[in-house]
Amino acid sequence: MARHGGGAFSGKDPTKVDRSAAYAVRHAAKNIVAAGIASRCEVQVAYAIGVAHPVSVMVETFGTSEIDPELIPALIKEHFDLRPAALIERLNLRRPIYRKTAAYGHFGRSDPDFTWESTSQADALRAAAESLA
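Mind the numbering: the sequence shown is residues 1 to 133 in the UniProt record's numbering, read in order.
Okay, here's the thing in structure tokens:
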């Protein structure tokens, strides 16, 4: 489960940051967990109009972090470009994939079109976290 700002995803193209950023932070959180940095992870970002990078990146690990939880936002910023255009490109969100999300949801599915479910950054995050310990 993940909290979300309250707006619907349906009908929004990937340039709407509430949709694309939700996918991006899901991707980051899944990779934090896959890397063994925490067994639970929720990532929150906040954007301001006209500012490319998020104005805030916060992480909640619910007490499960294997490293100082204050270090995790920096790891996310280092390994995940969270600028709207960059995350659209990284997750390949301009493809016609959204019809599939209308049934059975956006998250927790193994469909290869749902690139935000990939744990492709886990090894790099694990190595970076080990260098901090």
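Glycine included, each C-beta is placed from N, C-alpha and C at the ideal position.
Only a predicted model underlies this, so the values are computations on that prediction, with no experimental measurement involved.
In terms of residue numbering, what span does the beta strand (DSSP E) encompassing residue i cover?
i, result
"V51", "No beta strand (DSSP E) contains V51, which DSSP labels as neither H nor E."
If you compare alpha carbons, which of the options is closest to residue i?
i, options, result
"S65", "A103, T119, H53 and R40", "R40"
"A52", "T61, A38, I72 and P84", "P84"
"residue 165", "P14, V57, Y23 and V17", "The shown model of the chain, from 1 to 133, leaves out residue 165, and the question about it has no answer."
"A29", "R94, P73, E89 and I88", "P73"
"P54", "D68, D81 and R19", "D81"
Where DSSP assigns a beta bridge to residue i, which residues make up the other side?
i, result
"E66", "DSSP, once it has assigned bridges, lists no residue as partnering E66."
"Q44", "M58"
"A38", "S65"
May I ask which residues mark the beginning and end of the alpha helix (DSSP H) holding residue i?
i, result
"A74", "I72 to H79"
"A102", "From DSSP, A102 is part of no alpha helix (DSSP H); its letter is neither H nor E."
"S131", "A122 to L132"
"R90", "P84 to R90"
Can you find a C-beta in chain E that's less than 8 Å from the C-beta of residue i?
i, result
"A22", "Checking the listed chains, one finds no chain E in this structure; it contains a single protein chain."
Excluding the 5 residues flanking residue i on each side, which residues of the same chain have their C-beta closer than 7 Å to its C-beta?
i, result
"G36", "E66 and R126"
"N92", "T115"
"M58", "Q44 and P73"
Spatial neighbours of residue i within its chain, please: C-beta separation below 6 Å, excluding the five flanking residues on both sides.
i, result
"Q121", "N31 and H79"
"A21", "V45"
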